[in-house]
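Residue numbers (this note's numbering), protein chains in the order written: chain A, 6 to 364; chain B, 6 to 364. Everything on this sheet refers to the single structure shown next.
There are 2 protein chains.
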Amino acid sequence: MTSRRPSLAVVGATGASGGVMLQILSQHADVWGEVKLIASPRSAGRKLVVRGEEREVLPIGEDVFDGVDVAVFLVPDKVAALWAPVAAARGAVVVDSSSVFRLDDDVPLVVPEVNPHAARNRPRSLVASPDCTTLSLIVPVGALHAEFGLRELTVSTYQAVSGQGREGVAALREELGVVAGAHPAGRELGTRPGDVRRALGDRATSPFPAPVALNVVPWAGTAAGDGWSSAERSIRDECRKILGLPHLRTAITCVYVPVVTTHSMSVHLCFENEVTVARAHEILATAPGVVLFDNPAAGDFPTPSDVVGTDPTWVGRVRRSLDDPQALELFLCGDNLRKGGALNVAQIAESLATSVTRR
Amino acid sequence: MTSRRPSLAVVGATGASGGVMLQILSQHADVWGEVKLIASPRSAGRKLVVRGEEREVLPIGEDVFDGVDVAVFLVPDKVAALWAPVAAARGAVVVDSSSVFRLDDDVPLVVPEVNPHAARNRPRSLVASPDCTTLSLIVPVGALHAEFGLRELTVSTYQAVSGQGREGVAALREELGVVAGAHPAGRELGTRPGDVRRALGDRATSPFPAPVALNVVPWAGTAAGDGWSSAERSIRDECRKILGLPHLRTAITCVYVPVVTTHSMSVHLCFENEVTVARAHEILATAPGVVLFDNPAAGDFPTPSDVVGTDPTWVGRVRRSLDDPQALELFLCGDNLRKGGALNVAQIAESLATSVTRR
Chain A
6 MTSRRPSLAV VGATGASGGV MLQILSQHAD VWGEVKLIAS PRSAGRKLVV
56 RGEEREVLPI GEDVFDGVDV AVFLVPDKVA ALWAPVAAAR GAVVVDSSSV
106 FRLDDDVPLV VPEVNPHAAR NRPRSLVASP DCTTLSLIVP VGALHAEFGL
156 RELTVSTYQA VSGQGREGVA ALREELGVVA GAHPAGRELG TRPGDVRRAL
206 GDRATSPFPA PVALNVVPWA GTAAGDGWSS AERSIRDECR KILGLPHLRT
256 AITCVYVPVV TTHSMSVHLC FENEVTVARA HEILATAPGV VLFDNPAAGD
306 FPTPSDVVGT DPTWVGRVRR SLDDPQALEL FLCGDNLRKG GALNVAQIAE
356 SLATSVTRR
Chain B
6 MTSRRPSLAV VGATGASGGV MLQILSQHAD VWGEVKLIAS PRSAGRKLVV
56 RGEEREVLPI GEDVFDGVDV AVFLVPDKVA ALWAPVAAAR GAVVVDSSSV
106 FRLDDDVPLV VPEVNPHAAR NRPRSLVASP DCTTLSLIVP VGALHAEFGL
156 RELTVSTYQA VSGQGREGVA ALREELGVVA GAHPAGRELG TRPGDVRRAL
206 GDRATSPFPA PVALNVVPWA GTAAGDGWSS AERSIRDECR KILGLPHLRT
256 AITCVYVPVV TTHSMSVHLC FENEVTVARA HEILATAPGV VLFDNPAAGD
306 FPTPSDVVGT DPTWVGRVRR SLDDPQALEL FLCGDNLRKG GALNVAQIAE
356 SLATSVTRR
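Below you can see the structure in the form of structure tokens.
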């Protein structure tokens, strides 16, 4: 083993997630040698600051990956599908945030708090990072599974509109301006049949298939067969893979709510063994990446407005079923733009740093 | 059996639910003889219109119930606890909307679409009507139970702020004015840690223990032991009683969302028998009090903005679990101020009308 520090490439450095990655690189303990910033040829030549130094953005291409030990990809699916295998062929270990490789049998899907060992077996030199909704869910669920043995996972989401990017936030803002805004007539909206839909009838396009202001929208993604949405299928398949439970019973329902940022979830867990709230509290209080916030009589339970801007998954409302000693309920909140964005990718890359340096 | 039409007393006639009851009496087929309007002595002497005729409101008292066949109570718990037994002692059958008698073993808890027969056995001459959340849930669930045999009921709610009455609506309106209102700074609220809580820190009192605008609040009611809220316990106990399944496995999580009116629920059902979506669709399409609205690829799923102002429970997102042929998912919406208010009470009273006339 050489003492040379491993080199890192950040692909998509000029995007929103790339910007967060550069912040994380400046904040976390520095394990990296050279850091290359890579983007499309259109953005090449721009200068960005990382670890206090200005660096020029390089255009993506085959040769740019020569000498790179770890390449993190924070780019759209199409770009990842094209270039991640190129980077791997040039000798880099690729950590990819896109959905392209998540369910590939030869690509580990890794959450460092839950299945860090999975990153060691990477026949394609690719490691994938899960969807942001899965990430908030799986960190506390993985900790409880390690203790009690998970048998069934039933989840109903309360997803923030920023899950649909800037368009989602813009749609909520615009609709709120109509239904709750400055004009006096708006004060009564939302109380009569169809009035929200009527008021919003001629508004601009929205990424949601129904109004999201003063409303909830039980549909996320595209139709994925048998009535399921693609978002619901993804969470199921990713949780099964990360937990190594290919036959886990699941039932996922994805719903958008008028919240800007931070996904919430109501979670029903059935275990192989009997559970107690006291033991679940101990596990959640010490699990990495989890904040336990559970004393409802004192007003302590997570809500998006408490959690937005923070990295961990916050968990509260921990209850054992009144009717089944093997079932546990909880309510959790996680900022979909933090752990769900660049942070998990950075954590995977850092966990690889000590093992990937080329001789 | 005499041919005299039964007489009706509306107790709480001057309240909000009383007003809805008078509308219903004017709209439904008229099965009643004399109709007495009753309220507190403070409201006595007011004149209200019912079935096209002006009638004077009578002050509540023992003698006012003489000759009354059916008395519907649309009053707060304290008033119901005091006066419902008095009306029963004077010979009336009481239909009560309060929570006082719902779990009394000697008082049937009735939803005419689900357990109409239960109203026949009323040793205290009292019949209770469930909580509004239970009502929206139990109508489709009861229809599916009759076919498949319910074994487990897991529910996560998306409850409207009008569940906390005018104070709840006022709190949402005031908070929306701050976080999404006229002033330009409001445009960025909800995106940084704690900014919603900070902006609302010095606002007026709210019935919710956290901000509800741009937020979700996973707590409803008071602490009911072992981490459960009173609202969650009530739904469990009422569903078990209405379905006649005292050992039904349940897990209920109640969450307020920034919606004015109409409660939504994500429902996970496990049955004794295998289910199919096709058969569930047939049952829901023909069940009284249910509207099936389930073609998500065409945008057909219920949202509060579709459903507000209507009487039935709207059901969509019907899916069989991918991993359990005995489990069914669905998403439902019901206007908490319609079926959940005076309508169920009116339906119970009408179902009693033919059997209660005194000889």
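Just so it is clear, CB atoms sit at the ideal spot from N, CA and C, and this is done for glycine as well. Predicted model only: the values in this text are computed from it and were never measured.
Taking residue i as the query, report the chain B residues whose CB atoms sit under 7 Å from its CB, ordered along the chain.
i, result
"Asp-329/A", "Arg-254"
"Glu-277/A", "Near Glu-277/A there are no residues of chain B at all, since even the closest Cβ is about 16 Å away, more than 7 Å."
"Pro-214/A", "Gly-304"
Measure from the alpha carbon of residue i to the alpha carbon of each residue in the options, then state which is nearest.
i, options, result
"Phe-106/A", "Ser-134/A, Pro-117/A, Asn-126/A and Ala-92/A", "Ser-134/A"
"Ala-175/A", "Thr-266/A, Asp-110/A, Thr-162/A and Trp-88/A", "Thr-266/A"
"Arg-343/A", "Val-100/A, Asp-111/A, Val-54/A and Thr-138/A", "Thr-138/A"
"Ala-97/A", "Asp-109/A, Phe-70/A, Pro-113/A and Leu-250/A", "Phe-70/A"
"Leu-13/B", "Gln-28/B, Val-62/B, Val-75/B and Val-312/B", "Val-75/B"
"Thr-291/A", "Asp-329/A, Ala-148/A, Asn-220/A and Asp-316/A", "Ala-148/A"
"Ser-22/B", "Asp-305/B, Val-73/B, Gly-170/B and Ala-94/B", "Gly-170/B"
"Asp-316/B", "Pro-11/B, Arg-129/B, Asn-341/B and Pro-251/B", "Asn-341/B"
"Asp-231/B", "Thr-281/A, Cys-338/A, Trp-37/A and Gly-72/A", "Thr-281/A"
"Glu-287/A", "Asp-299/A, Thr-162/A and Ala-332/A", "Asp-299/A"
"Gly-345/B", "Asp-311/B, Ala-302/B, Ala-165/B and Ser-234/B", "Ala-165/B"
"Pro-307/A", "Gly-294/A, Pro-293/A and Arg-322/A", "Arg-322/A"
"Ala-283/B", "Leu-333/B, Pro-293/B and Ala-303/B", "Leu-333/B"
"Thr-255/A", "Leu-158/A, Leu-219/A and Ala-92/A", "Leu-158/A"
"Gly-20/A", "Asp-111/A, Pro-81/A and Glu-61/A", "Pro-81/A"
"Asn-349/B", "Ala-215/B, Met-26/B and Arg-325/B", "Met-26/B"
"Ser-239/A", "Glu-180/A, Ala-89/A and Val-160/A", "Val-160/A"
"Asp-109/B", "Leu-30/B, Cys-275/B, Asp-242/B and Asp-68/B", "Asp-242/B"
"Val-361/B", "Arg-60/B, Glu-61/B and Val-73/B", "Val-73/B"
"Cys-328/B", "Leu-335/A, Ala-34/A, Ala-351/A and Pro-251/A", "Reading off the sequence, residue 328/B comes out as Asp, not Cys. Of Leu-335/A, Ala-34/A, Ala-351/A and Pro-251/A, the residue nearest in Cα terms is Pro-251/A."
"Pro-46/A", "Gly-57/A, Phe-78/A, Leu-63/A and Arg-56/A", "Leu-63/A"
Determine, using beta carbons only, whether residue i comes closer than 9 Å to chain A.
i, result
"Trp-233/B", "yes"
"Pro-11/B", "no"
"Thr-308/B", "yes"
"Phe-336/B", "yes"
"Ala-332/B", "yes"
"Val-1/B", "No information on residue 1/B is available, as it lies outside the stretch 6 to 364 that chain B covers here."
Less than 8 Å between the CB atoms is what I'm expecting for residue i and residue j, so what's the real figure, rounded?
i, j, result
"Ile-247/B", "Ile-143/B", "5 Å"
"Val-262/A", "Val-221/A", "5 Å"
"Ala-225/B", "Ala-236/B", "4 Å"
"Val-36/A", "Arg-10/A", "7 Å"
"Asn-278/A", "Gly-182/A", "Asn-278/A to Gly-182/A, Cβ: 51 Å. No contact."
"Val-100/A", "Val-132/A", "5 Å"
"Ser-1/B", "Asp-136/B", "Residue 1/B lies beyond the residue range present for chain B, which begins at 6 and ends at 364; the question has no answer from this structure."
"Ser-93/A", "Arg-125/A", "According to the sequence shown, residue 93/A is Ala rather than Ser. At roughly 16 Å, the Cβ-Cβ gap does not stay under 8 Å, so Ala-93/A and Arg-125/A are not in contact."
Within 9 Å (strictly less), CB to CB, does residue i reach chain B?
i, result
"Phe-153/A", "no"
"Ser-103/A", "no"
"Arg-192/A", "Its pLDDT being 44, under 50, Arg-192/A is placed unreliably by the model, and the measurement read from it follows with that caveat. Cβ-Cβ to chain B under 9 Å: yes for Arg-192/A."
"Glu-287/A", "no"
"Asn-220/A", "yes"
"Ala-290/A", "no"
"Leu-108/A", "no"
"Asp-82/A", "no"
"Val-25/A", "no"
"Trp-88/A", "no"
"Pro-189/A", "Here the model assigns Pro-189/A a pLDDT of 39, short of 50, so the residue's position is not dependable and the matter cannot be decided."
"Ala-21/A", "no"
Please compile the residues from chain B whose C-beta is within a distance smaller than 9 Å of the C-beta of residue i.
i, result
"Glu-273/A", "The residue you asked about is not Glu; residue 273/A is His in the sequence shown. Going along chain B in sequence order, the residues near His-273/A (Cβ under 9 Å) are Thr-159, Ser-161, Ala-256, Thr-258 and His-273."
"Arg-241/A", "Leu-327 and Asp-328"
Anything in chain B within Cβ reach of residue i, meaning under 8 Å, just list it in chain order.
i, result
"Asn-349/A", "What Asn-349/A touches in chain B: nothing, since even the nearest Cβ is about 20 Å away."
"Val-262/A", "Tyr-163, Val-221, Val-262 and Pro-263"
"Ala-228/A", "Pro-301 and Ala-302"
Residues of chain A with a CB under 7 Å from the CB of residue i: which are they?
i, result
"Ser-269/B", "Val-221"
"Arg-324/B", "Asp-231, Gly-232 and Trp-233"
"Trp-224/B", "Pro-301 and Phe-306"
Which bits of chain A does residue i rub up against, with CB to CB less than 8 Å?
i, result
"Val-282/B", "Asp-231 and Gly-232"
Taking only beta-carbon atoms, is residue i less than 9 Å away from chain E?
i, result
"Pro-251/B", "Among the chains of the structure shown, chain E does not appear; the protein chains present are A and B."
Taking only beta carbons into account, state which residues of the stretch 310-322 of chain B come closer than 9 Å to chain A, listed in chain order.
Listed in sequence order: Ser-310, Asp-311, Val-312, Val-313, Gly-314, Thr-315, Gly-321 and Arg-322.
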